[in-house]
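Read the structure below first, then the notes.
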Amino acid sequence: MNRQWKNHLDQLIFLGPACLLLAMFLLAPIVVNFLVAFTEMAQTIHFDNFPTTRQFEKLGKLDSDALFGFELRRSFFKALALSGTFVFFTLLFFNLSFALILALTTTAMPERLGSFFRAVWLLPRMSPSVVYGLLWLWVVDSSERGLFNQIWTFFGGETLNLRLDFSMAVIVVSNGLIGASLGMVIFTSAIRSIPIQLFHAARADGAGSFALIRYIILPALRWPISYITIYQALALLVSFEYIFLIMGPARQTMTMAMLSYTKTLAPQIGGGQYAYGAAIALILIVIGIIAALGMWRLTKMDRLLQRPRIEVR
Amino acid sequence: MFKKVLLGAALAVFGSMQLTPLFAEEVTIKLWSRADRSGPLRPGNIVEAANQMNRMFAAAGSDTQVKIELIETNSKGFDDDALSLLKAHSVGETPDIAVAAHEWIGSFVEAGLAANLEGHIKANAGMYADMIPQLWNSVSYKGERYGVPQDSEIRMFFINNDILRAAGKSEDYISSLPGLVEAGDFTMYDWCDLAAEAVKSGAAKVGWVHRPNVGPDFQMAMASFGIDIYNEEQAKLQITRKGLVEYYGWLQYCVNNGSLPADMTSYSWDSTHAAFRGGDSMGKFHGIWNVGAQLEAFGLKGKEDYFRKLTWIHAPPAKKGGQPKNLSHPIVYIVGDTPNKDLAAMLVGMASQHVPNTAHAVGTNHTPINYGQTAMPDFQERGWALIAGTPMLKYAEFMPNHAKIGQYNAITYTGVQAVETGEMSPEDAADMVLEELEVELGSDVIILD
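Protein chains in written order, with the numbering used here: chain A, 1 to 313; chain B, 1001 to 1449.
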């Protein structure tokens, strides 16, 4: 009996802090968000009229003629579409492709030079987000003072207003350049773990650089790519920090996460509708869970996390 | 025994003498105000009123002392600050006095935050007898007063005369503009045409600029297009599709003719100010408190210099023969519904007297709250711009004190964004805004057509 209690105590000491942190910072916010979404909490932060579906009724209405039996409100549909576009392109072009290119090129260089370039690419991640946002505002400034326009006009182009005419591209590139560094670090470490003999053997068999990438590196990167895809897709889905800093509450970049922020906490643009924002966030959580499970199945991530079959004697 | 009793009594008397100051009543008044460089004396005048009250108590031999506990917030604007104030109230941290934008009074009353000041104002009629009567409308909610105006202001379209001169306009034409607007002979469309002409002639880089975010200025322009946003009888907000289409149509016209930047709604405040004060823009749609910064930016000295450089006009009417519009957006003191509300209201009354209010008004370019202030030497010497602006209050309207006005403004602003950036036609933007208003505000808004 004593031994059993001691076991329980050990488990509590060992796992307790982690469980407490999980409960406080991951589960509790979701539970609170869930409950608030079914109230009419507004400016006075009172837990009014629980439970009510009033907030969800603002996002769409039942319609028997519609394809899925309900019709989304235009702004909400637009926010969904913008979120999808933003996540898809940032993930495809930057968090995966560009990160992979960075990892491949910096590992192909002499080690010290490669480390230097990787460190440079990590700089945006290390700088405060407001500084990064300000730099981007200077880059995309619509006057001839903007960095992009300085370069563009040097080559004979007319000044462009990127925030107005290419707003989605601006948030994709700005988020992508900062997000690529994570993939770069993970992919670099995976490439480094490939036994060097494999490369020597392939070279001896006459393999070129592309063949090395195609037949040795990419198969080894399968799990890191799957992991980065799922992780970054979820991160981008709820990301609004750089969008808000660079674009403000512009309609062209009003993604789901931005919509939730502007309806609740954003200053001077109609905040204070906490239950409404919570309802939008709840839908984001559901979309995130479905997307994560879908990609989990699609990439067969369960095989990565299963018990290793190697027997250690 | 007797000696002991005597000693004990002496000690008790001595002790009580020593302890008297400890028992003096100290009343702490919590004062909520955002740190705002456009009005440091808004809380400062309350602090000075408390000092004066303490001197009165001392003169009357009372030990009561009033202490002001200043809760200075770093909110970005008055809307942000009002939301923080409501949150503080919800968790039982209601301040005794708060400095706020008047249109939030409806929310404050509904939340049980603001005390009804009718009794206080009537009982102390002498303190408020000289108040400009129209300003009381800004603190009234459902027919009763829940605040005291702290300052008022007047909004206008500023015109850079030098740009008009460079565009070939005569002095006679420039000086006739305010009169033309008053007479209804210069419309909102004429404004955009004039600005476009300035850009085309090369005299201006930008035609005109408006605020880059949600705010009261837009109500002035909406009023020009016949949108009366408040139904006083039903105490509800209201809107018309026709008015919205015309209002958004005008903005589209201005963008299309090159007078208004298409990305105006994504400007920062700094770049908005810089466009006008840097001499790039012919016009700017804002308010009288800009005068100080304009004097500095353009290097102007005094009234004559200023009006040679700049002209003020109301928001012109939408159509020829119509009436111009203006808007005043007073900042107000509200008194929290707390046990100290009577004392807090007296402090507000003292801070609203001519001398302290003039120190704020002249120092920060806000129009006065009392008639007599304009006769004061300080006003005559330093407040020439405010005296010049006061007649413009003739056409002034106020934002309605409705609990949902913040949401209403934010939604109508999304239409401005959609039209100016070319995302939607005026008709589509109006439909989108009406849908949003109906969904988010429900029965608080009446769609008139």
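Where a beta carbon is used, it is the ideal one built from N, C-alpha and C, also for glycine.
Exercise. For Arg-145 of chain A, go through chain B and note every residue whose CB falls closer than 8 Å to its CB, in chain order.
Key: Numbered from 1 along the first sequence, position 145 holds the residue referred to as residue 145 of chain A. Simply none; closest approach about 10 Å.
Quiz prompt | Chain-ordered chain A contacts of Ala-1410 of chain B [CB-CB under 7 Å] | solution = Along the second sequence, read from residue 1 onward, the residue named residue 1410 of chain B stands at position 410. Per Cβ cutoff of 7 Å: Ile-269 and Gly-270.
Self-check item: As assigned by DSSP and simplified to three states, the class of Ile-1132 of chain B
Solution: Here residue 1132 of chain B is taken as the residue at index 132 of the second sequence, counted from 1. Three-state DSSP puts Ile-1132 of chain B in coil, outside helix and strand.
Practice problem: Using a cut-off of 9 Å between C-beta atoms, extract the partners of Val-1206 of chain B located in chain A. | Solution: Here the question's residue 1206 of chain B lines up with position 206 in the second sequence. Within 9 Å Cβ-Cβ: nothing; Val-1206 of chain B doesn't reach chain A, min ~10 Å.
Quiz item: Is the number of C-beta pairs between the segment 1102-1115 of chain B and the segment 1035-1053 of chain B that are closer than 8 Å three or more?
Solution: No: fewer than three Cβ pairs fall under 8 Å.
Quiz item: Should Lys-300 of chain A be flagged as near chain B, meaning a C-beta pair shorter than 8 Å?
Solution: If you number the first sequence from 1, residue 300 of chain A lands on position 300. False, the Cβ-Cβ gap to chain B never drops below 8 Å.
Exercise. Alpha carbon to alpha carbon, how far is Gln-1373 of chain B from Gln-1018 of chain B? Give it in angstroms, no decimals.
Key: Position 18 of the second sequence, counted from the start, is the residue given in the question as residue 1018 of chain B. Position 373 of the second sequence, counted from the start, is the residue given in the question as residue 1373 of chain B. Caution applies to Gln-1018 of chain B, whose pLDDT of 46 falls short of 50 and renders its modelled position unreliable; the model cannot decide the point.
Quiz item: Where His-1360 of chain B and Leu-102 of chain A are concerned, what is the direct C-alpha to C-alpha distance, given to the nearest angstrom?
Solution: Position 360 of the second sequence, counting from 1, holds the residue named residue 1360 of chain B. Position 102 of the first sequence, counting from 1, holds the residue named residue 102 of chain A. Spanning the two alpha carbons is a distance of roughly 59 Å.
Quiz item: Run through DSSP, which three-state label would Lys-1169 of chain B get?
Solution: Taking the second sequence and counting its residues from 1, the one referred to as residue 1169 of chain B is at position 169. Residue state, collapsed to three classes: coil.
Quiz item: What do you get for Leu-1022 of chain B, buried or exposed, if any count of 16 or more other CB atoms within 10 angstroms of its CB means buried?
Solution: Numbered from 1 along the second sequence, position 22 holds the residue referred to as residue 1022 of chain B. Low local confidence applies: a pLDDT of 49 at Leu-1022 of chain B is under 50, so the model's placement there is unreliable, and no value is given.
Quiz item: In or out: Trp-1104 of chain B buried (at least 16 other Cβ within 10 Å) or exposed?
Solution: Position 104 of the second sequence, counted from the start, is the residue given in the question as residue 1104 of chain B. Note on Trp-1104 of chain B: 16 or more other CB atoms within 10 angstroms of its CB, so buried under the neighbour-count rule.
Quiz item: How many Å lie between Tyr-1371 of chain B and Gln-43 of chain A at the Cα?
Solution: Your numbering for residue 1371 of chain B matches position 371 in the second sequence. Your numbering for residue 43 of chain A matches position 43 in the first sequence. Straight across, the Cα-Cα distance linking Tyr-1371 of chain B with Gln-43 of chain A is about 36 Å.
Quiz prompt | Boundaries (first-last residue) of the beta strand (DSSP E) holding Asp-1378 of chain B | solution = The residue given as residue 1378 of chain B occupies position 378 in the second sequence. Run containing Asp-1378 of chain B: none in the beta strand (DSSP E); it sits in the alpha helix (DSSP H), 1377-1382.
Self-check item: Simplified DSSP assignment, three categories, for Thr-1414 of chain B
Solution: In the second sequence, residue 1414 of chain B corresponds to position 414, counting from 1. DSSP places Thr-1414 of chain B in helix when its eight states are reduced to three.
Quiz prompt | Glu-1246 of chain B (DSSP reduced to helix, strand or coil) | solution = For the purposes of this step, residue 1246 of chain B is taken as residue 246 along the second sequence, with counting starting at 1. Reduced to three states, the DSSP call for Glu-1246 of chain B is helix.
Exercise. Taking 8 Å as the cut-off, decide whether the C-beta atoms of Ala-1204 of chain B and Ile-1163 of chain B are in contact.
Key: In the second sequence, residue 1204 of chain B corresponds to position 204, counting from 1. In the second sequence, residue 1163 of chain B corresponds to position 163, counting from 1. Closer than 8 Å, so yes.
Exercise. Just tell me which of A:Leu-100, A:Leu-80 and A:Leu-113 has its CA closest to the CA of Val-238 of chain A.
Key: Taking the first residue of the first sequence as position 1, residue 238 of chain A is located at position 238. Here the closest residue by C-alpha is A:Leu-80.
Practice problem: Could you check what DSSP says for Asp-1151 of chain B in three-state terms: helix, strand or coil? | Solution: Along the second sequence, read from residue 1 onward, the residue named residue 1151 of chain B stands at position 151. Assignment of Asp-1151 of chain B by DSSP, reduced to helix, strand and coil, places it in the strand class.
Quiz item: What's the C-alpha gap between Arg-1382 of chain B and Ser-1176 of chain B?
Solution: Counted from its first residue, the second sequence places residue 1382 of chain B at position 382. Counted from its first residue, the second sequence places residue 1176 of chain B at position 176. Arg-1382 of chain B and Ser-1176 of chain B: Cα-Cα distance of roughly 26 Å.
Exercise. Evaluate Gln-55 of chain A with the Cβ neighbour count: other Cβ atoms within 10 Å of its Cβ, from every protein chain shown; 16 or more gives buried, anything less gives exposed.
Key: Taking the first sequence and counting its residues from 1, one reaches residue 55 of chain A at position 55. Buried, by the Cβ-count rule.
Practice problem: Would you kindly check if the distance between the Cβ of Ala-37 of chain A and the Cβ of Ala-278 of chain A is under 8 Å? | Solution: In the first sequence, residue 278 of chain A corresponds to position 278, counting from 1. In the first sequence, residue 37 of chain A corresponds to position 37, counting from 1. Yes, these two residues count as a Cβ contact at 8 Å.
Quiz item: How about Lys-1087 of chain B: is its C-beta nearer than 8 Å to some C-beta of chain A?
Solution: As a first step, residue 1087 of chain B is located in the second sequence; it is residue number 87 there, counting from the start. It does: the Cβ of Lys-1087 of chain B has a partner Cβ on chain A nearer than 8 Å.
Quiz item: If we call anything under 8 Å between Cβ atoms a contact, is Thr-1265 of chain B one with Gln-1417 of chain B?
Solution: Here residue 1265 of chain B refers to the residue found at position 265 when the second sequence is read from its first residue. Here residue 1417 of chain B refers to the residue found at position 417 when the second sequence is read from its first residue. Taking 8 Å as the Cβ cut-off, Thr-1265 of chain B and Gln-1417 of chain B qualify as a contacting pair.
Self-check item: Stretch pair the segment 1026-1043 of chain B + the segment 1335-1351 of chain B: three plus CB contacts closer than 8 Å
Solution: A contact exists between the segment 1026-1043 of chain B and the segment 1335-1351 of chain B.
Self-check item: Inter-stretch contact at 8 Å, needing at least 3 Cβ pairs: the segment 1118-1135 of chain B / the segment 1236-1249 of chain B
Solution: Result no; under three Cβ-Cβ pairs closer than 8 Å.
Quiz prompt | Backbone CA spacing between Asn-33 of chain A and Leu-282 of chain A [nearest angstrom] | solution = Along the first sequence, one-based indexing puts residue 33 of chain A at 33. Along the first sequence, one-based indexing puts residue 282 of chain A at 282. Take the alpha-carbon of Asn-33 of chain A and the one of Leu-282 of chain A: they are about 7 Å apart.
Practice problem: Would you give the residue range spanned by the alpha helix (DSSP H) that Leu-212 of chain A belongs to? | Solution: For the purposes of this step, residue 212 of chain A is taken as the residue at position 212 of the first sequence. Annotation: the continuous alpha helix (DSSP H) that includes Leu-212 of chain A extends over 209-212.
Practice problem: Can you pull the chain B residues whose beta carbon is under 8 Å from the beta carbon of Leu-164 of chain A, in chain order? | Solution: Here residue 164 of chain A corresponds to residue number 164 of the first sequence, with the count starting at 1. Contact note: Leu-164 of chain A reaches chain B through Ala-1262, Asp-1263, Ser-1266 and Thr-1421, using a C-beta cutoff of 8 Å and chain order.
Practice problem: Under 9 Å between beta-carbons, which chain A residues line up against Ala-1111 of chain B? List them in chain order, please. | Solution: Against the second sequence, residue 1111 of chain B aligns to sequence position 111. Residues of chain A whose Cβ lies closer than 9 Å to the Cβ of Ala-1111 of chain B are, in chain order, Gln-43, Thr-44 and His-46.
Quiz prompt | Whole-angstrom distance between Arg-74 of chain A and Phe-94 of chain A, CA atom to CA atom | solution = In the first sequence, residue 94 of chain A corresponds to position 94, counting from 1. In the first sequence, residue 74 of chain A corresponds to position 74, counting from 1. Rounded to whole angstroms, Phe-94 of chain A to Arg-74 of chain A spans 29 Å at the Cα level.
Practice problem: Return the Cβ separation of Ser-1140 of chain B and Asn-1401 of chain B in integer angstroms, given the expectation that the two are a contact with Cβ distance under 8 Å. | Solution: Within the second sequence, the letter at position 140 stands for residue 1140 of chain B. Within the second sequence, the letter at position 401 stands for residue 1401 of chain B. Separation of the CB atoms of Ser-1140 of chain B and Asn-1401 of chain B is rounded to 7 Å, and the pair is thereby assigned contact status at 8 Å.
Quiz prompt | Reference Phe-1186 of chain B; option with closest CA among B:Lys-1320, B:Pro-1261 and B:Leu-1083 | solution = The residue you call residue 1186 of chain B lines up with position 186 of the second sequence. Ranking the options by Cα distance to Phe-1186 of chain B, first place goes to B:Lys-1320.
Quiz item: With a Cβ-Cβ cutoff of 8 Å, do Ala-1129 of chain B and Gly-1226 of chain B count as a contact?
Solution: Here residue 1129 of chain B is taken as the residue at index 129 of the second sequence, counted from 1. Here residue 1226 of chain B is taken as the residue at index 226 of the second sequence, counted from 1. No, they are not a contact pair.
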